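Report on one structure; see the data block that follows.
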Amino acid sequence: MKGSFNQIICPFKTQWKFKKADLMNLAENEYFTGKYFYAYNIYGLQYSLLIYPNGFNEVTSRETWALLYLNASEERKIFVELTLESAENVSKSSSFLYSTETEFGTMICKTEELFEENSKFFVNDEITIKVKGTLIAEHPSVSIVSYPIYMEWKICGANFKDEYESKVFNAATFFGINYYLTLCLNGAGLYVYLNLGLGNQKKIKAVVDFSVDSAHLNYGIQFGYEIYGRQGILLCSRDDLFDPSKRFFVNGFLTIKLNGVLMVEKRHFIDINVKNGVTQMFPVNKDFVIAVGESEILVHKQLLKDVSHVWAGMFNSKMRETNENYMIIKDFDSKIVKAAIKLCYRENGTFKFTFEEMLSLYHFGNKYYIALIMDFAEDCLIKHISPTNLCHLIQLSAPDSLNIAKLHQSTAVRTLIF
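Its first residue numbered 1, the sequence shown is counted upward by one per residue in full-length UniProt numbering.
Below, the structure written as structure tokens:
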């Protein structure tokens, strides 16, 4: 799939396995959650598969459903195209927009068909559900730095105590941040907490999952930290923890796994001192208006013709903008358009852009095919390639995206360095 300037495209292909005996023990509206996975280029996007062997409401009663969970939100909508395969020659394709709803899926079969004696869905008493597709999200407005975290913690079940603390781990090269887990057992059950030391950061977002593989337990969650502290979840009830049939303890040990990412917003500014030499001469009076939001930018029509074949074509037509000498630009903010016009006039001056604004400036030049601006923005982006933005620039500059040749070549070289 070909992406656009403002989109991140993430293909994925994953499979989940569930045991027949475990599914048969579930009542109506009960489900198993599969292992959590993370999108490799959409920071903090977590997904898993939920299987409801007996349906999840009155409408789906006595039906087996598989739902793909994503930690989307109203602020970060995710479009998904997927194909779900649950047995030989049994596959269904769908597309969904995730925002306030975080679970979508499809019916696999009737419950009685799933568990019938010669069921085609189980091989060696396991059902394998394969999902492949594409995740599509908008680029974040602020650069994000992420760091993966992982821990496997074994606790001896003999004389199990009310509280345990894991070893402390340092997030190497990640702003002095450290993390560890705490277990607390009380009357309600067993709680697991993720403790973070924020180092020199004021705010950190953690997207993580806790799992106990032997008990087929997977919990995905996200936390926000603004001071040193801990946040966590109820992992299981006290009764379930010590029930041998639930298999929390294997060979006398409880094994808890932590997996996820820590994320910090990082604004990176690009300061540029432009010295273009001689400015092109035009009449004193400017004869065209570009409206951007509440701003109006006066410009010479001839300049626009000179720098852009797109604008030249517009002025040579009988479009309304030509007759009214007035054009509205809606998809760029005034800072970007004003900077672009100054560059077109070859005015000397100092510019200060965030990384995202520099990308927007390139996009402006690309949309109106202004070679001067595209070359300027591309050179600046090449000079400011870093581990933080490398993946973003690789995808953006690829031949099947914006096809920015020099930038794409430079990012390929940097992958060997970082």
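In this text, a Cβ means the ideal position worked out from N, Cα and C, and glycines have one as well. Everything numeric in this text was worked out from a predicted model, so none of it was measured.
{"Query": "DSSP three-state call for Q409: helix, strand or coil?", "Result": "helix"}
{"Query": "Could you pull the start and end residues of the alpha helix (DSSP H) that A291 belongs to?", "Result": "No alpha helix (DSSP H) holds A291; the beta strand (DSSP E) holding it covers F288 to V292."}
{"Query": "Mind checking residue 419: buried by the 16 CB within 10 Å criterion, or exposed?", "Result": "Nothing about residue 419 can be read from this structure; the chain reaches only from 1 to 418."}
{"Query": "Would D287 be called buried (16 or more neighbouring beta carbons within 10 Å of its own) or exposed?", "Result": "exposed"}
{"Query": "What residue ranges within the stretch 301–335 form continuous beta strand (DSSP E) runs of no fewer than 3 residues, ordered along the chain?", "Result": "326–328"}
{"Query": "With respect to the beta strand (DSSP E) encompassing R238, which residues constitute its N-terminal and C-terminal limits?", "Result": "Taken as a continuous stretch (DSSP letters only), R238 belongs to no beta strand (DSSP E), being part of the alpha helix (DSSP H) at R238 to L241."}
{"Query": "Sort out for me which residues DSSP pairs Y219 with in a bridge.", "Result": "F210"}
{"Query": "Using three-state DSSP, classify T102 as helix, strand or coil.", "Result": "coil"}
{"Query": "Mind checking whether R247 and S214 have CB atoms under 7 Å apart?", "Result": "yes"}
{"Query": "Report all residues from its chain with a CB closer than 8 Å to the CB of G187; omit the five preceding and five following residues, and keep chain order.", "Result": "R238"}
{"Query": "Once DSSP output is grouped into helix, strand and coil, what is the label at T415?", "Result": "coil"}
{"Query": "At 4 residues or longer, and completely inside the stretch 356–408: list those alpha helix (DSSP H) runs for me, N to C.", "Result": "371–383 and 390–397"}
{"Query": "So the beta strand (DSSP E) M151 belongs to, where does it begin and stop?", "Result": "I144 to C156"}
{"Query": "Run the CB neighbour count on L298, radius 10 Å, all protein chains shown included, and call it buried at 16 or more, exposed below.", "Result": "exposed"}
{"Query": "On the DSSP letters alone, give me the boundaries of the beta strand (DSSP E) that E30 sits inside.", "Result": "Here E30 belongs to no beta strand (DSSP E), and DSSP marks it neither H nor E."}
{"Query": "Specify the secondary structure class of E203 as computed by DSSP and reduced to three states.", "Result": "Inspection of the sequence shows that residue 203 is occupied by Lys rather than by Glu. Correct three-state label for K203: coil."}
{"Query": "Is the CB-CB distance between I127 and T64 below 7 Å?", "Result": "no"}
{"Query": "Based on Cα-Cα distance, which residue from S401, A87, Y40 and L393 lies nearest to R414?", "Result": "L393"}
{"Query": "What would DSSP say about L82, mapped onto helix, strand or coil?", "Result": "strand"}
{"Query": "Take every Cβ of the stretch 86–106, pair it with every Cβ of the stretch 150–159, and state whether three or more of those distances are shorter than 8 Å.", "Result": "no"}
{"Query": "Determine the closest residue to F175 out of F160, E347 and N200, with distance taken between C-alpha atoms.", "Result": "N200"}
{"Query": "For Y225, count the other beta carbons within 10 Å of its own beta carbon; 16 or more makes it buried, fewer makes it exposed. Which is it?", "Result": "buried"}
{"Query": "Could you compute how far the alpha carbon of H384 sits from the alpha carbon of I42?", "Result": "21 Å"}
{"Query": "Give every residue of the same chain whose Cβ lies closer than 7 Å to the Cβ of M1, excluding the five residues on either side of it in the sequence, and list them in chain order.", "Result": "Because the pLDDT at M1 is just 47, under 50, the model does not fix this residue reliably, and the value given afterwards should be weighed accordingly. So the qualifying residues of the chain are I9 and T134."}
{"Query": "Suppose contacts are defined by Cβ-Cβ distances below 7 Å. Is L185 in contact with C236 by that definition?", "Result": "no"}
{"Query": "DSSP three-state call for M1: helix, strand or coil?", "Result": "Bear in mind that the predicted position of M1 carries a pLDDT of just 47, short of 50, making it too unreliable to give a figure here."}
{"Query": "What residues in its chain sit with their C-beta under 6 Å from that of L23, if we drop five residues either side in the sequence?", "Result": "P53"}
{"Query": "Comparing C-alpha positions only, which one of I328, L68, P283 and W16 sits nearest to V289?", "Result": "I328"}
{"Query": "Given this structure, state the Cα-to-Cα distance separating A412 from L390, to the nearest angstrom.", "Result": "9 Å"}
{"Query": "Identify whether I256 lies in helix, strand or coil by the three-state DSSP scheme.", "Result": "strand"}
{"Query": "Could you check whether Y47 and L82 sit closer than 7 Å to each other, using their CB atoms as the reference points?", "Result": "no"}
{"Query": "Give the range of the alpha helix (DSSP H) segment to which F115 is assigned.", "Result": "T111 to F115"}
{"Query": "In its own chain, which residues sit with a C-beta less than 7 Å from the C-beta of A377, not counting the 5 before and 5 after it?", "Result": "M358, L361, Y362 and G365"}
{"Query": "Round the Cβ separation of N218 and T33 to the nearest angstrom and send it over; I've been treating them as touching at under 8 Å.", "Result": "5 Å"}
{"Query": "Residue range of the beta strand (DSSP E) that E226 falls in?", "Result": "No beta strand (DSSP E) holds E226; DSSP gives it neither H nor E."}
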